[in-house]
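Participant: Just passing along the structure, written as structure tokens.
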Amino acid sequence: IEAAPNVVLQKKSAENDGYEAIQLGFDDKREKLSNKPEKGHVAKAETAPKRFVKELRGVEMDAYEVGQEVKVEIFSAGEIVDVTGVSKGKGFQGAIKRHGQSRGPMSHGSRYHRRPGSMGP
Numbered sequence: 001i002e003a004a005p006n007v008v009l010q011k012k013s014a015e016n017d018g019y020e021a022i023q024l025g026f027d028d029k030r031e032k033l034s035n036k037p038e039k040g041h042v043a044k045a046e047t048a049p050k051r052f053v054k055e056l057r058g059v060e061m062d063a064y065e066v067g068q069e070v071k072v073e074i075f076s077a078g079e080i081v082d083v084t085g086v087s088k089g090k091g092f093q094g095a096i097k098r099h100g101q102s103r104g105p106m107s108h109g110s111r112y113h114r115r116p117g118s119m120g121p
């Protein structure tokens with residue numbers, strides 16, 4: 001798990017937004033790749049534009065301020081962490097890569113090379 005420093009970009013309040021949350025930004029991106037509203041949003045936190053922006057609900061709002069860095073030290077050893085991720089797409093794959101099967105012999109007249117064999121009982 002990679003937990004580089006996150007920056008608190010915004011504090012959402014029940015009065016203004018209807019719910020309480022903190023908005024975190026991760027991984028700086030070039031100024032050229034961000035639009036004007038994004039630049040204005042991160043300027044309030046005095047940081048560079050961020051590639052990923054996520055909101056966390058159910059956190060103690062008084063513990064965070066806009067512009068504060070949130071580092072990996074907030075986690076303790078053995079603590080359960082809820083993680084969101086995206087799987088790497090590999091396209092349309094055959095049986096060897098997709099299911100971890102073994103290939104057949106490649107020589108001596110064999111016509112069974114990378115085809116799927118028996119998939120089980």
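Numbering (full-length UniProt numbering), first residue to last: 1 to 121.
Backbone N, C-alpha and C define an ideal beta-carbon position, used for all residues, glycine too.
These figures come from a predicted structure and were not determined experimentally.
Could you give the DSSP three-state label for V53: helix, strand or coil?
Facilitator: Strand, per DSSP.
Participant: Compare the beta carbon distance of N6 and V70 with 8 Å and say whether it is the shorter of the two.
Facilitator: yes
Participant: How about G89 and K50: do their beta carbons lie closer than 8 Å?
Facilitator: no
Participant: Give the single residue among F75, Y64 and G100 whose Cα lies nearest to the Cα of E20.
Facilitator: Y64
Participant: Can you look up E65 in the DSSP assignment and give me helix, strand or coil?
Facilitator: It is coil, neither helix nor strand.
Participant: Leaving out the 5 sequence neighbours to the left and right, which residues in its chain are closer than 8 Å to K12 when beta-carbon positions are compared?
Facilitator: Y19, E20, A21, I22, Q23 and E55
Participant: Please report the residue range of the beta strand (DSSP E) in which I22 lies.
Facilitator: A21 to D28
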